[in-house]
Amino acid sequence: MVKHRAKTLAALFFCLCLLSAFMAPSYAEGPEETAGTEAVAIDYPPGMGGQWVRIGIQWGDAAVESIDLYCGDGFYAGRIDRDTVNNTFVLDSALTAELEGVTSLSLKAGDYPNGTVFLSRGQDPETRSVRINGKNFRDGFIYFANDAGKLHPISYLTLEHYIWGVVGNEMGSYYPLEALKAQALTARSYALTHLNHHWSAGFDLCSSGDCQVYRGLSSEYESTVRASRETEGQVISYGGQIASTFYYAASGGYTMNSEDVWTAVLPYARGKKDEYCSEYVWTAAISFTELKARMQNYGYEVGDIQSVEVSRVLENGAVNQILVHHSLGDSTLTKNNVMSVMGGSTVKSQFFSLSGSPEVDYENLSVASINMVSDSEAGRSKEPVYVLGADGEPVLLELSELSISSDSETVAAGSGQDTGFSFSHELVDSGTLYFKGIGYGHGVGLPQTSARNMADAGFSAVDIINYYYTNVEITSYRALRGEAEPVQETEPEQDASSETGGESQTPAYEW
Ligand SMILES: [Zn+2]
Numbered sequence: 008m009v010k011h012r013a014k015t016l017a018a019l020f021f022c023l024c025l026l027s028a029f030m031a032p033s034y035a036e037g038p039e040e041t042a043g044t045e046a047v048a049i050d051y052p053p054g055m056g057g058q059w060v061r062i063g064i065q066w067g068d069a070a071v072e073s074i075d076l077y078c079g080d081g082f083y084a085g086r087i088d089r090d091t092v093n094n095t096f097v098l099d100s101a102l103t104a105e106l107e108g109v110t111s112l113s114l115k116a117g118d119y120p121n122g123t124v125f126l127s128r129g130q131d132p133e134t135r136s137v138r139i140n141g142k143n144f145r146d147g148f149i150y151f152a153n154d155a156g157k158l159h160p161i162s163y164l165t166l167e168h169y170i171w172g173v174v175g176n177e178m179g180s181y182y183p184l185e186a187l188k189a190q191a192l193t194a195r196s197y198a199l200t201h202l203n204h205h206w207s208a209g210f211d212l213c214s215s216g217d218c219q220v221y222r223g224l225s226s227e228y229e230s231t232v233r234a235s236r237e238t239e240g241q242v243i244s245y246g247g248q249i250a251s252t253f254y255y256a257a258s259g260g261y262t263m264n265s266e267d268v269w270t271a272v273l274p275y276a277r278g279k280k281d282e283y284c285s286e287y288v289w290t291a292a293i294s295f296t297e298l299k300a301r302m303q304n305y306g307y308e309v310g311d312i313q314s315v316e317v318s319r320v321l322e323n324g325a326v327n328q329i330l331v332h333h334s335l336g337d338s339t340l341t342k343n344n345v346m347s348v349m350g351g352s353t354v355k356s357q358f359f360s361l362s363g364s365p366e367v368d369y370e371n372l373s374v375a376s377i378n379m380v381s382d383s384e385a386g387r388s389k390e391p392v393y394v395l396g397a398d399g400e401p402v403l404l405e406l407s408e409l410s411i412s413s414d415s416e417t418v419a420a421g422s423g424q425d426t427g428f429s430f431s432h433e434l435v436d437s438g439t440l441y442f443k444g445i446g447y448g449h450g451v452g453l454p455q456t457s458a459r460n461m462a463d464a465g466f467s468a469v470d471i472i473n474y475y476y477t478n479v480e481i482t483s484y485r486a487l488r489g490e491a492e493p494v495q496e497t498e499p500e501q502d503a504s505s506e507t508g509g510e511s512q513t514p515a516y517e518w
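Just so it is clear: in the sequence shown, position 392 is 399 by the numbering used here, and no numbers are missing.
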């Protein structure tokens, strides 16, 4: 009898907890619910609450006609109070009641007010997710229709859940842990300094490389989740503020001062020689006709292009300005505009040589036979050498480009190989620009492949961050904002093995 009563009480207590934690007073039947809106507290593990982010999945031209939304746990509906520090979720109790028992929604423009949030009712924050047009995303979804009556699907989730996926998209999940942790720190700092970046489309950050690549649950890996958790709530800061931490794939030997790429002088983004860079060589060709079209697309008033030349080079070898002579006069492309106009996946860095004739792709040149015209000292040729390619076409090699290998051993090498990459620039008037460059990305901040190399060499994430960002600290973003840290509640009678035990020690977070 006593036993039975205890059980009933426990069950009742459990229900009350659920009601207060997940459903808010307004959801219970009572006279005070007429207001129709209530802030809801939903439990999250320590560190996961507080900051939420809105991530655009499709936007602009990729906006869609309709969205299929699915959540096996059902939905809460409401809106976010953007005026509160932590963007409190305000429950729409009438709409939530309407959605009782609904797991699938087919949304069209005009169905709901912009900004309506659909949150999973799932009670386990580790598994809570919604399926948006067939793809799984954590936590919730925001409805937003544009002026043309199309929908921008937006994922709405905690900052930490977002970082779990970003690290896996922005860096290979197989990268060493310390490199992944450096990526988690930069991605978190970048996100927090770019909130509202796409405010006109109804979200904070987009899911493409324009902001940070994010593909939902499918891009989370054990390694990336671990790297995110081990840096949870931590950001890179400078002078007491979160640093806007830019990163990219490969440096090409030097990182860049922010003002040599864009305009702002970021004191923590100072260029330096990169001792840990991976070799990344690229080539590209752009015809004058294509360049004219690209410049016009970019807003340049440009006539028929007559010639192009590199007109300013920085000390580190980066091309800082290109001069384009055309029938309407001269135009200049400066700094990062060179890459923006030509396309960042075509001209991949500011470190390049420019010429009017194509470079031979030596890496992939399959040599059928080689004829040394003359042989002087140590197998080094004095004169140009013709190499017969596998296709039977002779290819002229300049002295500086010649490298003859016997299996893995280099027998003779031209000066280009002795000194690393050397840049040369021609005035090009032959109708096509031929680029050969090194590095991939804008060059400001952390080069991801160098982070991998540093981690492989035994450096920590902190070492990596301090190497690529100048005079920074790694800090809690909540501390920087003067917010309280989430309380890591531990039950005294439990030992450390309860760490993964979870549910009984997760306090409710107001959000
Ligand atoms: Zn973006």
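Ideal Cβ placement from N, Cα and C applies to all residues, glycine included.
- DSSP lists H333 as the bridge partner or partners of I312.
- Beta-bridge pairing by DSSP links I62 to S162 and L212.
- Straight across, the Cα-Cα distance linking Y474 with G452 is about 9 Å.
- Checking the DSSP bridge columns, you'll see Y476 has no partner listed.
- When the Cα atoms are used, T456 and S467 turn out to be separated by approximately 15 Å.
- The continuous beta strand (DSSP E) containing A84 extends over residues F82 to D88.
- DSSP places K157 outside any beta strand (DSSP E), giving it a letter other than H or E.
- Taking all protein chains shown into account, W289 has 16 or more neighbouring C-beta atoms within 10 Å of its C-beta and is therefore buried.
- Under the three-state reduction of DSSP, T193 is assigned to helix.
- Three or more beta-carbon pairs separated by less than 8 Å link the segment 243-262 to the segment 275-290, which places the two stretches in contact.
- Each residue's CA atom was taken as its position, placing N460 and G108 some 52 Å apart.
- If you draw a straight line from the Cα of V331 to the Cα of E239, it comes to about 48 Å.
- Look at C218: its beta carbon is less than 7 Å from one of the heavy atoms in ligand 1.
- Between the alpha carbons of F151 and K443 lies a gap of roughly 44 Å.
- Taking a 10 Å sphere around the C-beta of A234, we find 16 or more other C-beta atoms and assign the residue as buried.
- Boundaries for D463: no beta strand (DSSP E) harbours it, while the alpha helix (DSSP H) harbouring it runs Q455 to D463, taken from the DSSP string.
- DSSP lists W289 and F359 as the beta-bridge partner residues of G444.
- Leaving aside the five residues that flank G363 on each side, the residues in its chain whose CB is nearer than 6 Å to its CB run, in chain order, E433, V435 and S437.
- V317 is classed as buried because its beta carbon has at least 16 other beta carbons within 10 Å across all chains shown.
- Closest option to H205, judged by alpha-carbon separation, among V60, Q328, A325 and D470: V60.
- Three or more beta-carbon pairs separated by less than 8 Å link the segment 341-349 to the segment 291-305, which places the two stretches in contact.
- With a 10 Å radius around the Cβ and a threshold of 16 neighbouring Cβ atoms, P493 comes out buried.
- Relative to R488, the option among V469, G247, F253 and F430 whose CA is nearest is G247.
- In this structure, Y287 sits away from P365, with a CB-CB distance that is not shorter than 8 Å.
- The count of Cβ pairs closer than 8 Å, one atom from the segment 195-202 and one from the segment 134-143, stays below three, leaving the stretches out of contact.
- If you check the CB distance, G129 and D80 come in under 8 Å.
- Apart from sequence neighbours up to five positions away, the residues of its chain that approach Y119 with a beta-carbon distance below 7 Å are Y150, ordered along the chain.
- Judged by their CB atoms, N121 and G209 are nearer to each other than the 8 Å cut-off.
- Residue environment analysis places G57 among the buried positions, since at least 16 neighbouring C-beta atoms fall within 10 angstroms of its C-beta.
- Here C78 is not near T123, since their CB atoms are 8 Å or more apart.
- With a cut-off of 7 Å, the C-beta of S244 is classified as distant from ligand 1, since no heavy atom of the ligand falls inside that distance.
- The C-beta separation of P160 from I64 comes to about 4 Å, placing the pair in contact by the 8 Å criterion.
- DSSP, reduced to helix, strand and coil, places R319 within a strand of the structure shown.
- A straight-line Cα-Cα distance of about 36 Å links L361 and V479.
- Collapsing the DSSP output to three states places K188 in a helix.
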